[in-house]
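Numbering (the working numbering), first residue to last: 11 to 165.
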C-alpha cells in the first residue's frame, strides 16, 4: 500500500482503487490512465507541485486534459508568482516519484488547491502514489484529507 491509500483508509473515506499496466513509453501518465481505465479525461486529475515566490511549495490538482494556470495557483495560494517545482524538490517533499505523485499521503503536507471543475463530479481519480494506480474518491473528501481548497486553476 502507498501512503496515499493508507491515509484514505485510516480516515475511513470511501474510495476505489484502479490499477492498470503502466507503459513507460506513454507520453502522458494522466492521459494513459484515462485511456486504459476508460474514464473521461475531465475526471482524472494530475497532481502538480509548484514553487511559489515565497520559496514554499504548493500542490495544484487539475484535470489531465488541462494545464495548470500559474497566475491562478499563485493567487489561490496568496503568492505573486508560481513556477513548476524542480523534480528533486517534488520527490523530496512528497515522497513520490514524478508520474506517481499523489495529493494524499505526502511526506510534507503542502498547501493544496483543487481545480473547481472537480466539484462537477461525484468522484474523481487521482494518483494513488504509484504509476499505474489511481484512487477514485469524492472531491470533497479529497479536499478534507489534504486540507485543500477549490479554485479555478486550470486552463
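No residue lacks a Cβ here, since even glycine has one placed at the ideal position from N, Cα and C. Being a predicted model, the structure only gives us computed values, none of them experimental.
Below 8 Å, can you find three or more Cβ-Cβ pairs linking the segment 133-153 to the segment 110-124?
yes
Along the chain, where does the beta strand (DSSP E) containing residue 144 start, and where does it finish?
143-147
Between residue 10 and the rest of its own chain, which residues show a CB-CB distance below 8 Å, the 5 nearest in sequence each way excluded?
No answer is possible for residue 10: it lies beyond the span of the chain, which begins at 11 and ends at 165.
I want to see whether chain B comes within less than 9 Å of residue 61, judged by CB atoms only; does it?
No chain B is part of this structure, which consists of one protein chain only.
Which word fits residue 44, buried or exposed, when buried means at least 16 other C-beta atoms lie within 10 angstroms of its C-beta?
buried
What residue ranges within the segment 43-110 form continuous alpha helix (DSSP H) runs of no fewer than 4 residues, ordered along the chain?
80-87, 97-104
For residue 123, which residues from the same chain have a beta carbon less than 8 Å from its beta carbon, with the 5 sequence-adjacent residues on both sides left out?
68, 69, 70, 71, 83, 86, 87, 158, 159, 160, 161, 163
Under a Cβ-count criterion, where at least 16 other Cβ atoms within 10 Å of its own Cβ denotes burial, should residue 73 be classed as buried or exposed?
buried
Using the C-alpha atoms, what's the distance from residue 77 back to residue 50?
16 Å
Within 9 Å, strictly: CB atoms of residue 25 and residue 145:
yes
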